[in-house]
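To start, the structure under review is shown below, and the notes come after it.
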Amino acid sequence: MTMAEQRIVIFLGNVQGVGFRFTACRVAGNYNVTGTARNCADGTVECVVEGEASEIDAFVAELSDSMAGCIRRKTEQTAPASGRFNSFGVTY
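In structure tokens form, the structure reads like this:
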């Protein structure tokens with residue numbers, strides 16, 4: 001059995017005001033992941049994603065491909081899953 005993990009992915013670039021968070025929600029529906037996407041005050045978008053590593057990898061890859069023209073760089077940080085999410089949504 002594989003363990004769930006949490007990954008915090010920060011997307012940098014022209015990622016606000018381009019439908020990024022809603023694209024994240026749409027893409028998340030293709031995978032067994034939960035979490036949130038939110039705009040940060042510094043102009044980045046933060047996705048907190050929980051699930052199995054392979055599902056998170058696939059989600060991040062598809063989201064990155066979908067929004068490739070907007071993303072300049074991304075950072076990822078992994079932690080144990082919190083279990084606090086029951087779906088994937090936008091946080092305001």
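Each residue of the sequence shown is one higher than the one before, counting from 1 in my numbering. C-beta atoms are modelled at their ideal positions from N, C-alpha and C, and glycine is treated no differently.
Quick check on DSSP: helix, strand or coil for residue i?
{"i": "THR78", "result": "strand"}
{"i": "VAL15", "result": "coil"}
{"i": "PHE88", "result": "strand"}
{"i": "CYS25", "result": "helix"}
{"i": "VAL60", "result": "helix"}
{"i": "ALA41", "result": "coil"}
{"i": "ALA4", "result": "strand"}
Output the distance between the C-alpha atoms of residue i and residue j, rounded to the nearest integer angstrom.
{"i": "SER64", "j": "ILE71", "result": "7 Å"}
{"i": "ARG21", "j": "VAL45", "result": "8 Å"}
{"i": "GLY51", "j": "ILE10", "result": "17 Å"}
{"i": "ALA24", "j": "VAL15", "result": "11 Å"}
{"i": "ALA68", "j": "PHE85", "result": "27 Å"}
{"i": "GLY19", "j": "MET3", "result": "31 Å"}
{"i": "ARG7", "j": "GLY29", "result": "17 Å"}
Report the option in the options whose CA atom is closest to the CA atom of residue i.
{"i": "LEU12", "options": "GLY51, TYR92 and ASN39", "result": "ASN39"}
{"i": "ASN32", "options": "GLU5, GLN77 and SER66", "result": "GLU5"}
{"i": "ARG73", "options": "THR34, GLY17, ALA79 and GLY43", "result": "GLY43"}
{"i": "ALA53", "options": "SER66, GLU76 and ALA41", "result": "GLU76"}
Using a threshold of 9 Å, state whether the C-beta atoms of residue i and residue j are closer than that.
{"i": "GLU62", "j": "VAL27", "result": "yes"}
{"i": "VAL49", "j": "PHE88", "result": "yes"}
{"i": "ALA37", "j": "CYS47", "result": "yes"}
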